[in-house]
Amino acid sequence: MANIDQAKYAALIRKYFDACNEADYDKLVSCFTPDAVHYFPSGLPDIPWRTADTIAKKWIWCVETLGSQWTIEKILVSHDSHEAVIEWTHWKSRVGTALRGDEWYVFDEKTGLIREIRAYYASPAQKEVPINELVDFDYEGRGYHLNAANAPAGAESK
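Numbering (the UniProt record's numbering) for the sequence shown: 1 to 158.
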């Protein structure tokens with residue numbers, strides 16, 4: 001069985017989300033292996049994002065252009081592999097929308113850094129919908145963030 005430091009991986013994901021919200025290039029790059037890849041569903045230009053440098057620059061662009069902020073809703077770290085899955089909300093204040101989804105993380109066994117992220121959206125991104133999320137899912141009743149302002153950067157709901 002692999003020796004997995006679940007707390008270390010969860011802390012790295014929180015650091016990554018804080019870095020995204022802060023648009024901090026150096027902090028973002030420090031979360032990834034240099035050759036990291038971030039995969040997305042179809043619909044975005046220039047995907048997947050390859051290299052830590054590209055990932056950092058793209059998220060900074062989102063903060064500066066879309067007013068992006070992210071909240072972590074849930075984190076699950078594997079006990080027997082160097083992987084984790086999270087549920088998040090991507091708030092886009094300048095365009096008045098939000099998107100909910102999940103990401104699957106693969107960590108480098110030697111460095112402990114993020115090597116790969118695979119993003120999955122709760123629904124197709126629809127520009128005419130204020131918050132893209134699952135139909136009839138009780139987000140409020142389950143303690144999910146209902147706007148970006150009610151949680152600090154990288155916060156996790158309880």
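Note that the Cβ used here is the ideal one computed from N, Cα and C, for glycine as well.
Quick caveat, the model's predicted, so the values are computed rather than measured.
Subject >> DSSP bridge partner residues for residue 132 (one or two, in chain order) >> reply: Walking along the sequence shown from the start, residue 132 turns up at place 132. In DSSP, residue 132 forms a bridge with 99.
**OP:** Could you tell me which residues DSSP pairs with residue 71 in its beta bridges?
**Re:** Here residue 71 corresponds to residue number 71 of the sequence shown, with the count starting at 1. Beta-bridge pairing links residue 71 to 89.
Original post:
residue 77 and residue 10: beta carbons closer than 7 Å?
Top reply: The sequence position of residue 77 within the sequence shown is 77, counting from 1. The sequence position of residue 10 within the sequence shown is 10, counting from 1. Yes, these two residues count as a Cβ contact at 7 Å.
Subject >> For residue 94 and residue 38, the rounded distance between their alpha carbons >> reply: Indexing the sequence shown from 1 puts residue 38 at position 38. Indexing the sequence shown from 1 puts residue 94 at position 94. So the two alpha carbons sit approximately 24 Å from each other.
**OP:** Evaluate residue 142 with the Cβ neighbour count: other Cβ atoms within 10 Å of its Cβ, from every protein chain shown; 16 or more gives buried, anything less gives exposed.
**Re:** Within the sequence shown, the letter at position 142 stands for residue 142. Exposed: under 16 other Cβ atoms inside 10 Å.
Original post:
Just checking my contact of residue 88 with residue 71 at CB under 8 Å: how many whole Å lie between their CB atoms?
Top reply: Your numbering for residue 88 matches position 88 in the sequence shown. Your numbering for residue 71 matches position 71 in the sequence shown. With a Cβ gap of about 7 Å, residue 88 and residue 71 count as contacting.
Original post:
Anyone know if the C-beta pair for residue 122 and residue 109 falls short of 7 Å?
Top reply: Taking the first residue of the sequence shown as position 1, residue 122 is located at position 122. Taking the first residue of the sequence shown as position 1, residue 109 is located at position 109. Result no, Cβ atoms of residue 122 and residue 109 do not sit closer than 7 Å.
Original post:
What residues in its chain sit with their C-beta under 6 Å from that of residue 100, if we drop five residues either side in the sequence?
Top reply: One-based indexing of the sequence shown puts residue 100 at position 100. 89, 122 and 133.
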